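When we follow the working numbering, the leftmost residue of the sequence shown carries the number 425, and every step to the right adds one. Note that CB positions come from ideal geometry on N, CA and C, so glycine has one too. Quick caveat, the model's predicted, so the values are computed rather than measured. In what follows, a structure is listed as structure tokens, so that the remarks can point back to it.
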Amino acid sequence: MPELEAIIFDVDGTLADTERDGHRVAFNAAFADAGLDWEWSVPLYGELLRVTGGKERIRTYLTEHRPDFAPLEPLDAFIRKLHARKTERFARMMQEGVIGLRPGVLRLLAEAREAGLRLGIATTTTPQNVTALLSAAPVSGLVDWFEVIGAGDVVAAKKPAPDIYQLVLQRLELPASACVAVEDSDNGVRAALGAGLSALLVTLSSYTGRQDFSGAALILDGLGEPAAAPRLVEGPCARALAPLLAARGCVDLEVLRALHRCVYAGAAG
Ligand code: XBP
Ligand code: MG
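Following this line, the structure appears as structure tokens:
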């Protein structure tokens, strides 16, 4: 039975519910800054989220919704600049505290750190976005709690490809079986499972409730806090973990250790 040594977190949707009121708004602000009358509505953005990565998302939007659009410069450069503006807008929004960490995130991170577990991040988002989000948290130096931050274009293929998780595991010098991963989306689940991270917890976010999480060990509607327990959704470890989750009242380290045991030793207790 492997020992649990690290927790690897996704960012968007997992550490913070950033897509609808963060990234989407920042994209629209960047479009306006560039003099474009494009507006990504909440439902349209939900469709576009199937494509991970902001630059890739803009490209898909152009192909599918603006086939006649012809920028004055080469398309790659146009998308790069527009996306850079979006990153500026998003980072500023995070600095202003528009979106905070999800309930239970700081509590769990602090508990894991205190217990000597190692922390990592595996995300599709641009590195500046991670720094801006974590720097605005009510704990100074939070970004340094993460030993490895794998983000953005450092890998050739973004989620659902497993590359970003493989990179983070390589940098941690750990096998997948020594880690629990926390995700919120189907693309993230495919990426984590593709890298062998079977001890996988899904915490649903605003856009991801109806997605397919097959293969994830446990699906909840959040980490919860002792006064606001998370709702159990499903997953092969759901039944085994339900009593412990009810007793603890939220996802804490004990629950994560039990999840890890459920996957690797077939037992929740
Ligand atoms: C997150 C993403 C990101 C953000 C935007 O996916 O898809 O593209 O929406 O980030 P995940 P950038 O949570 O699965 O990692 O615009 O910086 O690319
Ligand atoms: Mg996510």
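{"Check": "In whole angstroms, give me the CA-to-CA distance for Leu-566 and Leu-558.", "Outcome": "6 Å"}
{"Check": "How close, in whole Å, do the beta carbons of Thr-548 and Lys-582 come, if the pair is a contact with beta carbons under 8 Å?", "Outcome": "5 Å"}
{"Check": "Taking only three categories from DSSP, how would you classify Phe-433?", "Outcome": "strand"}
{"Check": "Could you check where the alpha helix (DSSP H) with Arg-504 kicks off and where it finishes?", "Outcome": "499-519"}
{"Check": "Using DSSP with H/G/I as helix, E/B as strand and the rest coil, what is Glu-571?", "Outcome": "coil"}
{"Check": "Can you check the region 614-672 for any beta strand (DSSP E) of at least 3 residues that lies completely inside it and give the ranges in chain order?", "Outcome": "624-627, 642-644, 656-658"}
{"Check": "With DSSP collapsed to three states, give me the class of Cys-603.", "Outcome": "strand"}
{"Check": "Would you mind stating whether Cys-674 and Pro-654 have Cβ atoms separated by less than 8 Å?", "Outcome": "yes"}
{"Check": "Could you compute how far the alpha carbon of Ser-601 sits from the alpha carbon of Leu-625?", "Outcome": "14 Å"}
{"Check": "On the CB-based measure, 16 or more other CB atoms within 10 Å of its CB, does Asp-434 come out buried or exposed?", "Outcome": "buried"}
{"Check": "What do you reckon, are the CB atoms on Asn-452 and Glu-443 nearer than 8 Å?", "Outcome": "no"}
{"Check": "Assuming Thr-438 contacts Glu-607 under a Cβ cut-off of 8 Å, what Cβ separation, rounded to an integer in Å, is found between them?", "Outcome": "6 Å"}
{"Check": "Could you give the C-beta distance for Leu-591 and Gly-574, rounded to a whole number, given that I count them as a contact under 8 Å?", "Outcome": "5 Å"}
{"Check": "For Ala-689, I'd like the list of residues in its chain whose CB is within less than 6 Å of its CB, leaving aside the five on either flank, ordered along the chain.", "Outcome": "Met-425"}
{"Check": "Just how far apart, CA to CA, sit Leu-762 and Ala-662?", "Outcome": "As shown, the chain starts at 425 and ends at 693. That puts residue 762 outside it, with no answer to give."}
{"Check": "Under DSSP, the beta strand (DSSP E) around Ala-546 begins and ends at which residues?", "Outcome": "542-547"}
{"Check": "What does the Cβ neighbour count give for Pro-498, buried or exposed, with the cut at 16 atoms within 10 Å?", "Outcome": "exposed"}
{"Check": "Give the residues whose C-beta lies closer than 6 Å to at least one heavy atom of the ligand MG, in chain order.", "Outcome": "Asp-434, Asp-436, Gly-437, Thr-438, Asp-608, Ser-609, Gly-612"}
{"Check": "Just checking, does the region 536-553 make contact with the region 486-501 on the three C-beta pairs under 8 Å criterion?", "Outcome": "no"}
{"Check": "Taking 7 Å as the line, does the beta carbon of Thr-547 fall inside it for any heavy atom of the ligand XBP?", "Outcome": "yes"}
{"Check": "At a cut-off of 7 Å, would you count Thr-555 as near the ligand XBP, judging by its Cβ distance to the nearest heavy atom?", "Outcome": "no"}
{"Check": "To the nearest angstrom, how far is it from the Cα of Leu-598 to the Cα of Ala-585?", "Outcome": "19 Å"}
{"Check": "Check each candidate in Arg-481, Arg-526, Pro-551 and name the one with the smallest Cα separation from Ala-515.", "Outcome": "Pro-551"}
{"Check": "Restricting to Cα atoms, I'd like to know which of Glu-512, Thr-555, Asn-611, Arg-509 is closest to Leu-525.", "Outcome": "Thr-555"}
{"Check": "Looking only at C-alpha atoms, which of Ala-560, Ile-503, Arg-513 sits nearest to Leu-530?", "Outcome": "Ala-560"}
{"Check": "Nearest to Thr-511 by alpha carbon, out of Cys-603, Ala-616, Ala-454, Asp-587?", "Outcome": "Ala-454"}
{"Check": "Distance, Cα to Cα, His-489 vs Ala-450?", "Outcome": "19 Å"}
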